[in-house]
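Written below as structure tokens is the structure these notes are about.
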Amino acid sequence: MRWLALRTVTVVGCIAALAVVSKLLSANLDTYVFLVVIQCGVAMTLAGSLNLINGITGQFSIGHAGFYAVGAYVGAAWTVLWQPIAVRYLPLLHLGTPLGDTLTLLIAIVVGAAAAAVAGVVVGLPSLRLRGDYLAIVTLGFGEVIRVVILNIDAVGGARGLTGIPTLVGSGDLAFFWVFGLVVAVVALSRNLMRTTRGLTWLAVREDEIAADAMGVDTTRVKVTAFVVGSAFAGVAGVLYAHYFTSISPDVFGMDMSIIITTMVVLGGTGSVSGSLLAAIVLTALPEFLRFMQDYRMVIFSTMLVVVMLTRPQGMFGHGEISFATFRRLLGRRRAGGAKP
Amino acid sequence: MQQIAQQLIYGIQLGSLYALIALGYTMVYGVLRLINFAHGDVYMVGAFVGFYACTRWLPFKDLAAHPEAAGANIALAVVALLLAMAICSAMGVLIERFAYRPLRNGLQKADAHFWGLVLGFPITGLFMPVFSGWGPLVAVAVGMGVGFAMRPLVAWLARRVKLSESRLNALITAIGVSLLLENGGLLVFGANPNFIPNILPEHTYTLPGGVMVGSSQLTILGVSVFLMLALRYIVMYTRPGKAMRAISHDIEAAKLMGIDTDRVIAFTFALGGALAGAGGAMVAALTHVKITPLFGLLPGLKAFVAAVLGGAGSLPGAMVGGLLMGSAESFVAGSSLSMFRDAIAFCVLIIILLVRPAGLMGRHVPEKV
Amino acid sequence: MSLLELRGVTRRFGGLAAVSDITAHVDTGELVGLIGPNGAGKTTLFNLLTGVYAPSEGAVLFDGKDTRGLRPCRIAALGIARTFQNIRLFRELTALQNVKVAVNLRARSSLFSAMVDTMAQRADDARLDGLARECLTAMGLEQVADTRSCDLPYGLQRRLEISRALATRPRLLLLDEPAAGMNPFEKQDLMQLIRTIQTTFDVTVLLIEHDMKVVMGICERIYVLDYGQLIAEGAPAEIRANPKVIAAYLGEETD
Ligand SMILES: Nc1ncnc2c1ncn2[C@@H]1O[C@H](COP(=O)(O)OP(=O)(O)OP(=O)(O)O)[C@@H](O)[C@H]1O
Ligand SMILES: [Mg+2]
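Protein chains in written order, with the numbering used here: chain L, 1 to 341; chain Y, 1 to 369; chain S, 1 to 255.
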């Protein structure tokens, strides 16, 4: 009973806090900055979800933009192509009313997540046979194949992209609420996994597959589940992206996107949820705020990437998490250091 | 029938290029178990060296105006090829020395200084408008200055490096180097595509059955085959080649046997770089494709796929994989599915790896328990 | 009926028959030793029993059930657990977490309930936590429960391997050189411990060990492997007197 009360308080509290923050930010932030914040939120979901596959379960998947694309395109296809048909039979879905908008978006999310999850199964299956670099290159390849296929589907605009997607999440507080609600969901799920006995089996697969198998961990199931959950979240991120920016095109979901998402996870420290999220913010916001650097931006960025990899190979946080304990430790060290003559 | 033969010939030409690049991937994978993502960009640099050699550095004459200069041009073309090979070879070694060696042995002071300098230049570039009036020498001097100032920063970052076993880490480093070369290339070479004018005599031979073969296709094939034979000789019969094979078998044991593994690894990168450079220069000079700083990305990726297809680490595998890849691509490009041309590489790869997880010619080494 | 039965089990690697035509059995409650010179095929036999490798020929029956084609995790669920000769702990996880991975076999809540952190899941987790700590305590590891396993000293790592195997609640425990690298006193200690857990956890043990003195002291019955073949079987005293075994260990030709 106490548990139920606690859980209700947490969930309601989270929603309320999100609602307040989104109201505040959308009212006070500059439009451009707000846009970057939304992009950061999407990136955080992508990094967090890839961290489930790559960091926690240790499967070398580096083609995450593929799932993102599947979610975005299938979700948008529902809203643009199929929803107008569905609305004829289900007047409830009528766009422009809060109920119709929300229902349509929810269905888009479900459809997008399901499609991305299916893609996740397809990509996850090779992970049962392939290891390490081989798996990495196959996942990257799958991402490319998905992009090229989309490029050649005329119904969703082909190379021109899909435009005129109704903005079901608005451009203000509602968008923030949805996007960061998703971030919270990824974080909560990762945290639960890392803390429960069940979730340890995922870490075990990362640490030593053969030993995990011998201890009764169904490694096949763990790996496929990780791919399914990770790609479903990426799919939802895609749906939100599509309904916020109202237009999508295949080149948003190219190999460079995949590489950037992978970089977020590695820079953050593989397995570290907070590290991945922080890296997602840095890697999304930094290039935006460095726009004045124009041509030099990417050179500096890539050099920094190499330098960070060489100087902090374990990523910013290794397997650890940022928590109050981290700060306490840091402060403690500072104090201890200061005490020395 | 004729069409098929024609496509096969194009496929073989394309495939021999992929094979040249794939060899570099596969050798490096063999010794280091590292996907050298930057290899495709070394190929791009080879193409640019070829381009500059043909248009600026070497006194080539336009054949349209001076038809008698064909012989001289061919001799110069060989020089250009060697030049591209030498420069790309050096680049391979440089990349290995400053990006991959620190991954193995930890970041040394010299590495920190190098990266500080590299970081200094683009940062100086930012302030280019400020000294644009002062001439390029001043800018370079300032760049060096800023670079020297950056060194302690990198050294400070590197003060407590814990070596990581993570392969993902190595992969991201390689991707970082690749991005650096591409974006550095965009800065240095500009984003506009470049063409090389006709500088070599072009013949077309008609084979029985009406199949046409261009002299440039024959040249590419011939040079590739020659280089591959040379490589095979080096790997099989020379001391460094044998050392390479020893390392790819077991690097720890090779170290214990007194092989200077760092040197041999550098040698591997030099060989791979030379092959990629040759490929790039030939493409630039002979096929009239548009050369841009990003143009190594896709061929590089496909060549990598070819290497995996053949079995990473296996030299004959890389050659077969390259030819297979080239032919597959040429057939798809010629069919009604031509828009899937760039996806076919990965489809082939995925299918083959699912059937043979170690590639066509790779040995599957099950993990000992 | 025996708990474990091997019927003509053979495993080839290329031309090499690492294990050839072995017929043997282990009965419930026994403590059986498996000895043989280096490369005799002992570890390979364990791999065959646990499904890491499939036999080229022959069959392994556990509790009367043919294990052919079962993946290692299924065999573990049937009740065979093992330790590894070259320690394979989950390095980045703590000792307790290592054990908890194995204890999952006895979990009741689903993965989904773990992801959303339900009440039932919490109750189950508390139960599993208790089971895991029990296994740690049995091997005397309760002090280091929260130490990362790769930071543990070597001897404790070996113990943790056993503890982790016990956590799956096995009926048959396969120990691959659990005392390797220990001094005689530590070995004696460990063997005592193995005897204790054999009774407290009610488990049958098959043990690989090189140290003759140790094996002879603890095992009720011994199998001897050489070049993949079973060359002797019997009580310690018989084995000690067996000329084939002596020859195999001293490397002499048998007549
Ligand atoms: N996966 C494998 N591939 C090829 N050969 C193998 C494989 N696993 C084991 N072998 C070979 O089988 C033989 C038996 O090896 P095994 O590890 O079972 O010996 P062992 O009795 O455990 O020896 P030790 O006392 O040294 O542990 C050895 O010759 C070994 O090289
Ligand atoms: Mg053994």
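Ideal placement from N, C-alpha and C gives every residue a C-beta, glycine not left out.
- When only Cα atoms are considered, THR55 of chain Y and ILE196 of chain Y end up about 7 angstroms apart.
- Between ASN36 of chain Y and VAL45 of chain Y a beta carbon distance of about 14 angstroms is seen, past the 8 angstroms cut, so the two are scored as non-contacting.
- Nearest CB-CB separation between LEU6 of chain L and chain S: not below the 8 angstroms threshold.
- Beta-bridge analysis with DSSP links ALA138 of chain S to no other residue.
- When Y:ALA328, Y:ARG356, Y:LEU353 and Y:GLY258 are compared, the shortest CA-CA separation from ALA343 of chain Y is found for Y:ALA328.
- Using a Cβ-Cβ cut-off of 8 angstroms, PHE148 of chain Y does not count as an interface residue toward chain L, since no Cβ of chain L sits closer than that to its own.
- With contacts defined as CB atoms closer than 8 angstroms, GLU92 of chain S and ARG148 of chain S qualify as a contacting pair.
- For LYS213 of chain S, the Cβ stays outside the 7 angstroms cut-off from all heavy atoms of ligand 2.
- Residue contact check for PHE84 of chain S against chain Y: a CB pair falls below 8 angstroms.
- At a cut-off of 8 angstroms between C-beta atoms, VAL28 of chain Y does not count as an interface residue with respect to chain L.
- Cβ proximity to chain L below 7 angstroms picks out nothing from the stretch 130-160 of chain S.
- Non-local beta-carbon contacts of LEU131 of chain S in its own chain, meaning distances under 6 angstroms to residues more than five positions away in sequence, involve VAL103 in chain order.
- In the three-state scheme derived from DSSP, where H, G and I count as helix and E and B as strand, SER163 of chain S is classed as helix.
- At a cut-off of 8 angstroms between beta carbons, ILE123 of chain Y contacts chain L.
- The continuous beta strand (DSSP E) containing GLY234 of chain S extends over residues 229-234.
- For ARG88 of chain S, there is no enclosing alpha helix (DSSP H), since its DSSP letter is neither H nor E.
- Counting C-beta pairs closer than 8 angstroms gives fewer than three between the stretch 134-149 of chain S and the stretch 170-182 of chain S, which falls short of the contact rule.
- Nearest C-alpha to THR50 of chain S among S:GLY64, S:SER109, S:ALA235 and S:ARG82: S:ARG82.
- By the neighbour-count criterion, in which a residue is buried when 16 or more other Cβ atoms sit within 10 angstroms of its Cβ, GLU252 of chain Y is exposed.
- Counting only the Cα atoms, ALA65 of chain L lies some 59 angstroms from TYR249 of chain S.
- With a cutoff of 8 angstroms on beta-carbon distance, VAL222 of chain L and THR57 of chain L are scored as near each other.
- Straight through space, the alpha carbons of MET339 of chain Y and GLY24 of chain Y are spaced by roughly 28 angstroms.
- Judged by DSSP secondary structure, TYR223 of chain S falls outside any alpha helix (DSSP H) and instead within the beta strand (DSSP E) spanning 221-226.
- The C-alpha of ALA95 of chain S is placed about 21 angstroms away from the C-alpha of ILE80 of chain S.
- With a minimum length of 4 residues, the unbroken runs of alpha helix (DSSP H) contained wholly in the stretch 8-54 of chain L fall at 31-50.
- Listed in chain order, the beta strand (DSSP E) runs fully inside the stretch 210-297 of chain Y are 211-214, counting runs of at least 3 residues.
- Cβ neighbours of LEU231 of chain Y within its own chain (closer than 8 angstroms, five residues either side excluded): LEU23, LEU271, LEU275 and LEU315.
- The stretch 272-291 of chain L makes no contact with the stretch 71-84 of chain Y, as fewer than three CB pairs between them are under 8 angstroms.
- Under DSSP, GLU5 of chain S forms a beta bridge with S:HIS25 and S:LEU61.
- None of the residues of the stretch 40-61 of chain L has a beta carbon lying less than 7 angstroms from any beta carbon of chain S.
- PHE226 of chain Y and LEU324 of chain Y have their alpha carbons spaced roughly 19 angstroms apart.
- If you ignore the 5 residues before and after MET264 of chain L, its C-beta comes within less than 8 angstroms of the C-beta of ALA43, LEU46, ALA47, LEU50, SER276, ALA279, ALA280 and LEU283, all in its own chain and listed in chain order.
- With respect to the C-alpha of PRO236 of chain S, the residue from S:LYS244, S:LYS213 and S:GLN229 having the closest C-alpha is S:LYS213.
- Residue pairing by DSSP places TYR205 of chain Y opposite Y:VAL213 in a beta bridge.
- Taking C-beta atoms as the reference points, VAL184 of chain L and ALA99 of chain Y fail to come closer than 8 angstroms.
- Around ASN169 of chain Y, the beta-carbon contacts reaching into chain L at under 7 angstroms are VAL266, MET309 and PRO313.
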